[in-house]
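Asker: In my numbering, the protein residues as written are 904 to 1514. Note that beta-carbon positions come from the ideal geometry of N, C-alpha and C, so glycine has one too. Got a structure for you, written out below as structure tokens; questions coming shortly.
This is the structure in structure tokens:
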């Protein structure tokens, strides 16, 4: 359960920070893309006030300490400094029970309003002048994006909400969704089995804070003192530390009291009420501002006691302290979850690639086991070649045991070419049998390792654990492959667009960008002992490593680099564990009369690359 920053939270918070009216705007900083912090100076203390329009973490509250400012302030921050810097905060107004707040400022430049709209992904911060003209906005909204555009220089229009009566006017039998101020969490709290109840006929004074005091339990009473609130939003004085203020690390209850002082009242807390809490109690709390901020590590913060929904909740001195704790925890958890998911996605791609490669290995082993059968088919094609007609797609024949057999043919090849194709396939399968089996064992071990690491990452609960797992993934080369570097300027290969790169060891790597340039590169530029690479079974760039006549000196990192270039320039660039064949250029030839870019090759070896 995550408690939202709803209308009731906003109303309580604005009541808590009402003491900031008249404060001087001493500084304005923008620590993140979706946050502004005002340094508001009053009665000798600067109070940092954060305003966030983050789509999920939107909120307003004071901070225990001012965050650091970026070296270069964003444009929005500079505009706010221009118009509001050195001015005074004149008023703070919530529009009914909507999550919209108007902060009124007066400065040397005139009167301004800072409109804060806390509406999920539509949250925004808008500075308007006395003529309601937009001077700056955190997010520009065009007419195509919304019926209510928000643009600099245009008149400000409030969100087009359908008018609703306030929840203060609701009755227990009403559907609260039809009232302003409703939130699903508030409805759950109203429906829960436990809530403070008020003595009948009691007229409650205005107060800013409540909560359990040390030594009390939920069967005792809350004591709420009139006109002597805790210092909400108390900032840091010069030389103070968090231990001398209400820092967010403080988790102790309020100090114990010595009975009721003059001006205090009692609010009875009882678990025996059959229908408590009631809507009337919530309405009285709203009307009288009898707030009781509570905080939970799991759920968050709320200005009312929500222990019926989360028994781990504890009272806090002010709502700002509770909110600061809650959102600091949430930001930390969200950041950890995002980093965990990013690492999991990368590891999962590696695992998927290994599984796909294992399926290929299984097929290769099956082919190797069928090598005698494939060779027999090639022999039968030669034996029956006199009966094979041009363009024929299958051969119906009898094998050596007298059983009927159907052998597929390439209709564009002669019987001898079809037979040679099968002979080469059988030979290649037999030659690679042991290599494929060894590669399969290695891949299986690698897959087991990746899956184990995935399990560890899924269960990581701290950033330190996640960093350890990421370092292990890098050490195993699960995260090291990245996109191919951008090419240098085209070289004038008789006008053919051929790109040039440098491998890790400094070898020149050339590749074509179309069929014509591929053809030119392979047949006109490449030397016999240069290494030629191509994605197996797919269209791809022809890639050449210029070896200067010493192909044996080219190391695997350079081969992987060139193989990645081939994959990045093929339809397989979004695939995983893509096979890339390589051989010496002298074993590559262009069939007579074939289209540009077509090549056949032999004596190849295979690399697998994750794009």
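For a minimum of 4 consecutive residues, which ranges assigned as the alpha helix (DSSP H) are wholly contained in the segment 1299-1353?
Answerer: List check, alpha helix (DSSP H) in window: 1318-1334.
Asker: Just to confirm my understanding: we take residue 1372, look at its own chain, exclude 5 residues before and 5 after, and list those with CB closer than 8 angstroms. What are they?
Answerer: Closer than 8 angstroms at the Cβ level, and outside the excluded window around residue 1372, lie 1246, 1356, 1359, 1360 and 1363.
Asker: Closest by CA to residue 979, which one among 1311, 935 and 1303?
Answerer: Cα-wise, what sits closest to residue 979 is 935.
Asker: Can you look up residue 1248 in the DSSP assignment and give me helix, strand or coil?
Answerer: Helix at residue 1248.
Asker: For residue 1379, which of helix, strand or coil comes out of DSSP?
Answerer: Three-state result, residue 1379: coil.
Asker: Does the segment 1190-1206 come into contact with the segment 989-1009, if we say contact requires no fewer than three beta-carbon pairs (one atom in each stretch) closer than 8 angstroms?
Answerer: No, because fewer than three Cβ pairs between the segment 1190-1206 and the segment 989-1009 fall closer than 8 angstroms, the two stretches do not touch.
Asker: Measuring alpha carbon to alpha carbon, tell me which residue in 1503, 906, 956 and 1020 is nearest residue 1320.
Answerer: Selected option, being the one with the closest Cα: 1503.
Asker: Name the two residues that bound the continuous beta strand (DSSP E) containing residue 1003.
Answerer: Segment 1003-1010, the beta strand (DSSP E) holding residue 1003.
Asker: Do you know whose CA, among 1014, 1075, 1040 and 926, lies nearest residue 1033's CA?
Answerer: Residue 1014 is the option with its Cα nearest to residue 1033.
Asker: Hey, quick one: how far does the beta strand (DSSP E) through residue 1425 stretch, first residue to last?
Answerer: Per DSSP, residue 1425 belongs to no beta strand (DSSP E) and is neither H nor E.
Asker: Among 1501, 1512, 1446 and 1465, which residue has its Cα nearest to the Cα of residue 1478?
Answerer: That would be 1512, whose Cα lies nearest to the Cα of residue 1478.
Asker: Please return the same chain residues whose Cβ sits closer than 8 angstroms to the Cβ of residue 1475, not counting the five positions on each side in sequence.
Answerer: Here the set comprises 1438, 1441, 1443, 1481 and 1514.
Asker: Can you give me the Cβ contacts of residue 1144 inside the same chain, cut-off strictly under 7 angstroms, excluding the 5 residues immediately before and after it?
Answerer: Because the pLDDT of residue 1144 is 36, which lies under 50, any placement of that residue in the model is unreliable, and the question is left without a value.
Asker: What are the complete alpha helix (DSSP H) segments, minimum 4 residues, inside the segment 1434-1492?
Answerer: 1459-1471, all fully within the segment 1434-1492.
Asker: List, from N- to C-terminal side, the beta strand (DSSP E) runs of 3 residues or more that fit wholly inside the segment 1008-1095.
Answerer: Correct list: 1013-1020, 1027-1032 and 1037-1040.
Asker: Where residue 1207 and residue 920 are concerned, what is the direct C-alpha to C-alpha distance, given to the nearest angstrom?
Answerer: Roughly 17 angstroms separates the two Cα atoms.
Asker: Could you pull out every residue in the same chain whose Cβ sits closer than 6 angstroms to the Cβ of residue 1000, ignoring the five residues on either side in sequence?
Answerer: Closer than 6 angstroms at Cβ, skipping near neighbours: 910, 1069, 1083 and 1084.
Asker: Determine contact between the segment 1336-1352 and the segment 1208-1224, defined as no fewer than three beta-carbon pairs at a distance below 8 angstroms.
Answerer: With the cut-off at 8 angstroms, the segment 1336-1352 and the segment 1208-1224 do not touch.
Asker: For residue 946, does the three-state DSSP call read helix, strand or coil?
Answerer: It is coil, neither helix nor strand.
Asker: Note down the Cα distance separating residue 952 from residue 993, rounded to an integer number of angstroms.
Answerer: Cα to Cα, residue 952 sits roughly 15 angstroms from residue 993.
Asker: On the criterion of 16 or more Cβ atoms from any shown chain inside 10 Å, does residue 1223 qualify as buried, or is it exposed?
Answerer: Residue 1223 is buried by the Cβ-count criterion.
Asker: Name the two residues that bound the continuous alpha helix (DSSP H) containing residue 1279.
Answerer: Counting along the chain, the alpha helix (DSSP H) containing residue 1279 begins and ends at 1274-1286.
Asker: Using 8 angstroms as the threshold, is the segment 1489-1497 in touch with the segment 1453-1467, meaning 3 or more CB pairs across them?
Answerer: No, because fewer than three Cβ pairs between the segment 1489-1497 and the segment 1453-1467 fall closer than 8 angstroms, the two stretches do not touch.
Asker: In whole angstroms, what is the alpha-carbon distance linking residue 1315 and residue 1047?
Answerer: Their Cα atoms are separated by approximately 56 angstroms.
Asker: Residues in its own chain within less than 6 angstroms of residue 1509 by CB, not counting five upstream and five downstream?
Answerer: Closer than 6 angstroms at the Cβ level, and outside the excluded window around residue 1509, lie 1482 and 1484.
Asker: Suppose you measure from the CA of residue 1379 to the CA of residue 1346; what does that come to, to the nearest Å?
Answerer: Cα to Cα, the separation comes out at about 13 angstroms.
Asker: Name the DSSP bridge partner or partners of residue 1432?
Answerer: Paired residues: none, contrary to the question.
Asker: Roughly how far, in whole angstroms, is the beta-carbon of residue 1063 from the beta-carbon of residue 1054, given that I think they are within contact range, below 8 angstroms?
Answerer: Their Cβ separation, rounded to whole angstroms, is 16 angstroms, which puts residue 1063 and residue 1054 out of contact at 8 angstroms.
Asker: State the start and end residues of the unbroken alpha helix (DSSP H) segment that holds residue 911.
Answerer: It spans 910-919 - the alpha helix (DSSP H) in which residue 911 sits, taken as one unbroken run.
Asker: Apply the 10 Å Cβ neighbour rule to residue 1377 and answer buried if 16 or more other Cβ atoms are within range, or exposed otherwise.
Answerer: Burial call: exposed.
Asker: Using DSSP with H/G/I as helix, E/B as strand and the rest coil, what is residue 1372?
Answerer: Three-state DSSP puts residue 1372 in a helix.
Asker: Nearest CA to the CA of residue 1074: which residue from 991, 1184, 1026 and 971?
Answerer: When each option's Cα is compared against that of residue 1074, the closest is 1184.
Asker: Tell me the DSSP secondary structure of residue 1507 in three-state form.
Answerer: Here residue 1507 sits in coil by DSSP.
Asker: Check whether the Cβ of residue 914 sits closer than 7 angstroms to any heavy atom of the ligand GDP, and report yes or no.
Answerer: Within the structure as shown, the ligand GDP is missing, as the structure has no ligands at all.
Asker: Which residue or residues does DSSP assign as beta-bridge partners of residue 1360?
Answerer: In DSSP, residue 1360 forms no bridge with anything.
Asker: Can you confirm whether the segment 1282-1294 touches the segment 1240-1256 when touching is taken to mean that 3 or more C-beta pairs between the two stretches lie within less than 8 angstroms?
Answerer: Cβ pair count under 8 angstroms is below three, so no.
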